[in-house]
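The structure under discussion appears below in the form of structure tokens.
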Amino acid sequence: MSAPIRIFADRSKDAREGMIFDDLKPSVTERPGERFACTDNRLPLTEALLADYDVLTICGSSLKSYSPEELSLIEGFVADGGGLLLAADTAAFEFEANQSVEAMAQNAVARLFGAEFLTADCEGAVAHGSLLLHRPSRLVSTRAHEATGNHAIELVEAERAHGPIRVPARAAILAEYRRSAESIAAAWRVGRGRVVMCGSVGFATERPFVSAAVANWLAAGKRSGARDVEVPVFVGRRGAADRNGDIHLGIADACKGRLDEARRLLETLQAAAKERFGKAYQKPGYIELSDSITSSPWQHWRTPDLGGQAPEASLARHIAARLVQHGLKSAIAYGVLADVLSRATWETELVARLLEDAGYAEEAQRCRERADRWIAGMDRRQKTFDLAQAYEATDQQCPRGLVVFREFLTEFGDDIVRRLGDVIPEKDAHKHLPPTYAWGSDGGIYSLSVATGTDLFPWFSQRGYTVHPLPAVKPTAKNAKRRMLERLNEALRDEAEGLSARFAAANDLVSMGQEKDWLPHGRKSADDFTRLCLGLRLATEGDRRAARLLRGLFADSKPAPLRAMAGVALADLGDASVADDLIALAREFEPRFQLLAGYALEKAGSERAAELSLPRITGPGGKPVGKLDIVFDGYIAMHGEVEGYRVCNNYSFPELQRFTRHATISCHYVHWVHTSTHWRRRGLSRLAFEAAMNHPGATKCSVSMLHTGTRNVAHTLYREYGFTDMTVQERWRVDLPGAGRTDVPTGVSFRAVTDDDTPRVHAFAAQALADALLPPEQSMIGSLPPHGLGFIAERDGAVVGFAAATYGGGDDAYLDTVLTPAPPTQTGNAGAAKAEEKPQNVEIAACLLSLLQRAAYDAGARHMVWRSRGENEIARQAAQRLGYSSERTQGVWMMQVRHLVQCLGEIAPAIEHRLAGSKFQGWEGSIDLLGGRLQGRVNVAGGRVSASRIGSRPADIVLQCDDDTLTRVVLGRETPFEAYLQTRLVIAPRVSSRVVELLETVFPKVLCL
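Mapped onto this note's numbering, the consecutive letters of the sequence shown carry residue numbers 28 to 1036.
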């Protein structure tokens, strides 16, 4: 086996970027035999630190300078044959540091090699919602080069900032601006070494294929030689959590000198937030001060953080942004403001006003100037953009939202957030709101109307919003539901409304009311619209009278709108005979209704349904009204659009994932599938999902993976595409400090983990997780975040257990990891661990859990919560002993085998290893796997394993089953013998104990941890 490429990721000057190099995985398909060993460094560079590495990566933007000694070491490292990856985000630096790019620490490194990072605020640069200044990504083009392999397009991330660079004339250009031909990325040789430089940092965090290619090219100088040296995963100290204030504050070790300043700023700005926002504000539990000049982009799943290197004014802005994004109640921030104004609009203005309240008027003005430049750059479409159709789930930004918000604050007062907090209920904020007739923007406008005591629907309509007016009655009023039902009756009968809105009103009347509620105000006898509602209600109950009633409303004598709505309802009942008339009727109405009709016909099995699908619906002049917009930069961003507005999305990306200790599989991970609420039931998610699954970025992978819910309707869609359930999440919980008791195992000692334990804990974790399927990133195990709590168990100086949790304020602490020595590989014959070993492992786990619970309780937690997605049986038993209760949640992890032969080839090294360590180490032969779509052969000869298509020569062993069972066998969810016993798999030509043992060595049950 070849020596690994050793990578030293220097994050001592910026700890935010470059993380992919901490846990870079080899691509078996592209470069067989490739291996990586990566170190995440947080300490100043020294000769001793760099001695054993082939590649040095410096990705980030900071004010922390490299010393002359460090610069000399970097220069010598490259001259001696080392590879250097140098990447920076100059746009972020210039904004956060409020200085020119010449002051950026990474520029001193660039100048060593005759290069330089240039200002991002160059000719053609525009302002963005992030308030950063840089050129649009559509102006970037890439060039093929061996440094990027087949992945050049992944080098410059479309959604991240980028800037030009100056490089030596001999450098090969990897990416450039189309019009000016200014370089963004380049590669060149320096003596025996090599350099890759890039004016963008996103690829080094989330683009594993191009990152692996770059690392491989940079390592060609083989500086470290083939020495068999184990390099550490992490070098540095993790910091600590300050729990003395209202908000727990995590402090990176390098930023501990700013604790008092950060706490002062936090208290000042939180006081201003409480005053400005009133009941709308609820403090975040935890914020982290990172060793960086920037803060992370907002994501609901990310730990809120601050740039610990930022100047005081920028740090104050970071804090203000976190208090706005994480401090405002969700029903107000994202149930009103984001739905009405889109992203990066209301946040920008509220942050500026909060800064002014706290005494940072100059920084507030700087933000407003950037925002004004963003507004001034609006194109014709943005100036007339219908903000009601801004798709909040895509983080869509439109500067016009900021214009509208400023106008609103001027006219109705800048205390609107406080007033929203006074009128929006603590629970069930959308009670009585029509769920389909009212769009998200309508719900937001309704809340603003209640808060101001003014009907604001006309005000927003005058500013180009599509509105579906609702009565401005308080949600807690006794007549609120009745008023909403009256409005729905009006909308159903209003010929000025779009037909899709009228049909939504009918469905809401059915779901919210009874037959007496389906009459318009003042009318006592039923009309056809009342009968439509009755037909819809009967249809929801499976009542046979529904079809007869709806057929009467579909008669030729009825008005076209009524007929069309009844036709959709009939198609929903499976009646495809309405297709000809319904298609003709639907074409007279808006695309939103046409898509609804087409989807209903598709479900009914009509051959003509596709005529009303997104690609085929046309507008005036025969031009299609919709399309799928696809952007690929290593990340597949798929947006369905209708009449220029986004209506659905699908985000996915190719990546590399470990499959037990000796194999890596190429995996297409489906990160997000969503359709805007008022565009659902129109077949759009399926359309976008199918396009994403067939994208080249997906088809190059051997498997696909996603997470969803067992009760999510999309679960059915994924099953149709061949995905199978891997594990279903459980939620475990115990009240602290806990009532359970456990005995300390003889000869085992326990203590809190320290930074010095990181290498030992990592080595232990690597062994414990070696045979698990897709274990958590091992680089994170043993290296706790500042708010982490951790304990280790030792016997005779060796680590025999580790457990960690996080606590960031509030009532709940969260259990992350419980590890004990790995059990033997699970097979049908191997069984569980030896009886005398298993209880002690459980006792060790129970002791570790007990210590964690006490530490979390002492820190302020009142419950310990564990979201278990895997099969850690030892941890489960320990939790049961300590009194945890558990429940199954809807969360489910699913996988699909896309290309069986490719997948078998990628896991072949793991099969080789298992055979070599078993009684079958000399076995030779072939095993055929015969599913439906999935078919392939495993060949074993001379101790080597390979994969191929089914050949003309019969295999020695044949496994035949359906694709779902085959997927579960290949991915280690069940053994061939387990499936055989359930009569879902046939083993031919014969079944014997030795054949069963062999098959369970090749395809064992793999632990999912």
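Don't be surprised by glycine CBs; every beta carbon is placed ideally from N, CA and C. These numbers come from a predicted model, not from an experiment.
| query | result |
| --- | --- |
| Among 147, 264, 613 and 601, nearest to residue 122 - alpha-carbon criterion | 147 |
| Spatially closest choice to residue 340 from 350, 387 and 381, by CA coordinates | 387 |
| Cβ pair residue 468, residue 526 closer than 9 angstroms | no |
| Presumed contact (8 angstroms Cβ cut-off) between residue 524 and residue 548, rounded CB distance | In fact, because the Cβ distance is near 17 angstroms, the residues do not count as touching under 8 angstroms. |
| Proximity winner among 999, 997, 1012 and 979, relative to residue 987 (alpha-carbon distances) | 1012 |
| At least three beta-carbon pairs within less than 8 angstroms, the segment 777–787 to the segment 813–829 | yes |
| Beta-carbon proximity of residue 242 to residue 63, cut-off 9 angstroms | yes |
| Sequence-distant residues of its chain with Cβ nearer than 8 angstroms to residue 430 (five each side left out) | 402 |
| Residue 176 and residue 237 closer than 9 angstroms at C-beta | yes |
| Exposed unless 16 or more other CB atoms sit within 10 angstroms - verdict on residue 723 | exposed |
| Check whether residue 201 and residue 169 have beta carbons under 9 angstroms apart | yes |
| Residue 655: first and last residue of the uninterrupted beta strand (DSSP E) it sits in | 653–659 |
| Contiguous alpha helix (DSSP H) assignments of at least 4 residues, all confined to the segment 515–590 | 526–539, 555–567 and 572–580 |
| 6 angstroms Cβ shell around residue 785 - same chain, five flanking residues per side excluded | 261, 809 and 810 |
| Contact belief for residue 1035 with residue 799 at Cβ below 8 angstroms, rounded distance in angstroms | 7 angstroms |
| CB contact flag (residue 901, residue 869, <9 angstroms) | yes |
| Sufficient close CB pairs (3 or more, under 8 angstroms) joining the segment 883–895 to the segment 753–763 | yes |
| Cβ distance (whole Å) where residue 297 is taken to contact residue 273 below 8 angstroms | 7 angstroms |
| Rounded Cβ spacing between residue 942 and residue 967 (contact assumed at less than 8 angstroms) | 7 angstroms |
| Cβ-based burial, residue 246 [other Cβ within 10 Å; buried from 16] | buried |
| Residue 531 and residue 463 closer than 9 angstroms at C-beta | yes |
| The segment 435–448 contacting the segment 721–737, beta-carbon criterion three pairs below 8 angstroms | no |
| Cα-Cα separation between residue 1030 and residue 666, rounded to whole angstroms | 39 angstroms |
| Neighbourhood of residue 144 by C-beta distance below 7 angstroms, restricted to the same chain and skipping five residues each side | 115, 117, 128, 131, 133, 134, 137, 190, 192 and 226 |
| Inter-residue spacing [alpha-carbon to alpha-carbon] between residue 1018 and residue 1008 | 11 angstroms |
| Sequence-distant residues of the same chain with beta carbon closer than 7 angstroms to residue 934, five excluded per side | 686, 690 and 692 |
| Residues sharing a beta bridge with residue 987, DSSP | 957 and 1013 |
| Residues bridged to residue 721 [DSSP beta-bridge criterion] | Looking at the DSSP assignment, residue 721 forms no beta bridge with any residue, so it has no partner. |
| Nearest-angstrom Cα separation, counted from residue 292 out to residue 300 | 12 angstroms |
| Residues that residue 923 bridges to, as DSSP identifies them | 731 |
| Proximal residues to residue 951 (C-beta, below 8 angstroms), its chain only, five neighbours per side dropped | 967, 968 and 969 |
| Three-state class that DSSP yields for residue 187 in the structure shown | coil |
| Enclosing beta strand (DSSP E) for residue 843 [first to last residue] | 839–846 |
| Residue 623: first and last residue of the uninterrupted alpha helix (DSSP H) it sits in | 618–631 |
| Element boundaries [alpha helix (DSSP H), containing residue 449] | 443–450 |
| Among 823, 848, 504 and 836, the one whose alpha carbon lies nearest that of residue 830 | 848 |
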